[in-house]
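Some notes on the structure that comes next.
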Amino acid sequence: MPRTKNVEEGQGSKAKKKTSGQKGKGIATPSTTTEVIPSLPRYPEAYFNRKILVGKVLDFDFCCREGFPIVDWIRFQGLEPFFSLNLPSCPELMKEFYVHIRGSSMDSLTTMVKNKTIDLDLSRLNTILNVPNGGAMGWNQRSWVTSSDFDRQDCVRVLFGENADHVQRMYTRNLPLVYRFLHRAVCTHILPKAGGFDEVTHMEAYTMYHFITGRRINVLFLMLNHMHSIHDRENARLGYSNIITKILHFFNIDLTGEVHHDLQSANKLGRNPWGNGVQKAQEARYVDSKRRGLQ
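Quick note: the sequence shown uses the working numbering, first residue 890, plus one each step.
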């Protein structure tokens, strides 16, 4: 291989470099290269690493075969479409949805995705999700809901037994099996969270109480307020992935080319969320019934 000298481009050659422009003047013409303007990011850097909570679908067939009363509770509330929604999650659009949330109303929310404004209230969510807009509307992130229609002491006794007291901390290990299953459904669909499933919060207990006792509860109201709380909390996991995709479809947001993740079989809630396989769920039910003197 021949050796070459370290020369700058255009040097080291006897050939004259031809210039364009006026004859004999050596004046170069302006470059026609178009300057590429980088697109602005969809959301601030703080949202780059925000985690997504992938939505789940309730396995109604499994629950019916196993005799779990959760199916009847859900159908009484008119929430079967809510628990059956099977749509992919779009992480980038979810981040854009949450970062632009505005407003402080408890029954509405405004945001923006792909420069398109999205206005949500209870009536519009009723249309989008085919879920009833009615029932109790209570919300309190720090303590019990205060309402003339809600008895917190009766709530904890229904969930945990006659000796329970509303001032005590509440744990799922003290719940009957079917109530533990309902708690997991509440924590994945209605008030989604990433962890802490061993503890029952006041809002989770409030929600479960209405399901178990056959009292109507406005899940759309809970969802809007939980979205506001996710937006307000730093590094909170972003929930309602399949719900948000449904909302984006309703507002004709173009999803072409967007990164998306379809729900997998592992995202079905029903085949024992506490372990592996049906057998373990049946064993847990047997142990629970023995503890309560039912067998």
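Beta carbons are placed, not taken as given, at the ideal position from N, Cα and C, and that holds for glycine.
Can you name, in chain order, every residue of its own chain whose Cβ lies under 6 Å from the Cβ of residue i, other than the five neighbours on each side?
i: His1120; result: Tyr987 and Ile990
i: Ser1036; result: Gly1027
i: Arg1046; result: Ala1053
i: Trp1163; result: Confidence is the limiting factor: at Trp1163 the pLDDT is only 45, short of 50, which leaves the residue's position unreliable, though a coordinate-based value still follows. Result list for Trp1163: empty, nothing under 6 Å.
i: Asp1008; result: Thr999
For my contact list, residue i and residue j are in at a C-beta cut-off of 8 Å; report their separation, rounded to the angstrom.
i: Phe972; j: Leu1011; result: With a Cβ gap of about 19 Å, Phe972 and Leu1011 do not count as contacting.
i: Phe1049; j: Asn1029; result: With 8 Å as the limit, Phe1049 and Asn1029 do not qualify as a contact, their Cβ atoms being about 20 Å apart.
i: Glu981; j: Glu1147; result: 6 Å
i: Leu1127; j: Arg939; result: 6 Å
i: Glu1025; j: Asn1107; result: The question names Glu, yet the displayed sequence has Ala at residue 1025. The pair is a contact, with the Cβ atoms about 6 Å apart (cut-off 8 Å).
Only counting the same chain, and skipping five residues up and downstream in sequence, which positions put a Cβ closer than 8 Å to that of residue i?
i: Asn1015; result: Pro1021, Asn1022 and Leu1109
i: Pro958; result: Val1067
i: Arg1105; result: Gln966, Pro1021, Gly1023, Gly1024, Ala1025 and His1099
Out of the options, which has the shortest C-alpha to C-alpha gap to residue i?
i: Met1100; options: Tyr1129, Ser1118, Val1002 and Arg1069; result: One detail in the question is off: residue 1100 reads as Phe in this sequence, not Met. Answer by Cα proximity: Arg1069.
i: Ala1083; options: Ile1106, Asn1124 and Leu968; result: Asn1124
i: Tyr936; options: Thr1102, Glu985 and Thr1061; result: Glu985
i: Gly1085; options: Met1059, Gly956 and Thr1000; result: Met1059
i: Tyr932; options: Asp1040, Lys1003 and Leu1113; result: Lys1003
i: Leu1018; options: Arg939, Glu969, Asn1141 and Phe949; result: Glu969
i: Asn1141; options: Asn938, Met983, Thr1006 and Ser994; result: Thr1006
i: Asn975; options: Asp1143, Thr1145, Leu1144 and Ile1133; result: Ile1133
i: His1138; options: Glu955, Trp962, Ser1032 and Met983; result: Met983
i: Met1116; options: Met995, Gly967, Gly956 and His1091; result: Met995
i: Thr1096; options: Leu1144, Val1034 and Lys1135; result: Val1034
Starting from the C-beta of residue i, find all residues in its chain whose C-beta is less than 7 Å away, skip the five residues before and the five after it, and write them out in chain order.
i: Glu1093; result: His1072, Val1075, Cys1076 and Leu1080
i: Lys903; result: Reliability fails at Lys903, whose pLDDT of 46 lies under 50, so the model's placement of it is uncertain and the value that follows must be treated cautiously. Answer for Lys903: no residue qualifies.
i: Ser1118; result: Gln1030
i: Gly992; result: Leu998 and Thr999
i: Arg965; result: Correcting the residue identity first, residue 965 is Phe in this sequence and not Arg. Here the set comprises Gly1103.
i: Val960; result: Phe949, Cys952 and Cys953
i: Gly913; result: Below a pLDDT of 50, predicted positions are generally treated as unreliable, and Gly913, at 49, falls in that range; the measurement from the model is reported next regardless. Around Gly913: no qualifying Cβ.
i: Ile926; result: Caution is warranted here: a pLDDT of 47 is assigned to Ile926, below 50, making its placement in the model unreliable, and the coordinate value is therefore given only provisionally. Nothing meets the Cβ criterion.
i: Met1001; result: His989 and Ile1007
What are the start and end residues of each continuous alpha helix (DSSP H) run of 4 or more residues lying completely inside the segment 936-965, in chain order? 949-955 and 959-965
If we require 4 or more residues per run, which alpha helix (DSSP H) segments fall completely within the segment 1023-1104? 1041-1049, 1066-1074 and 1091-1102
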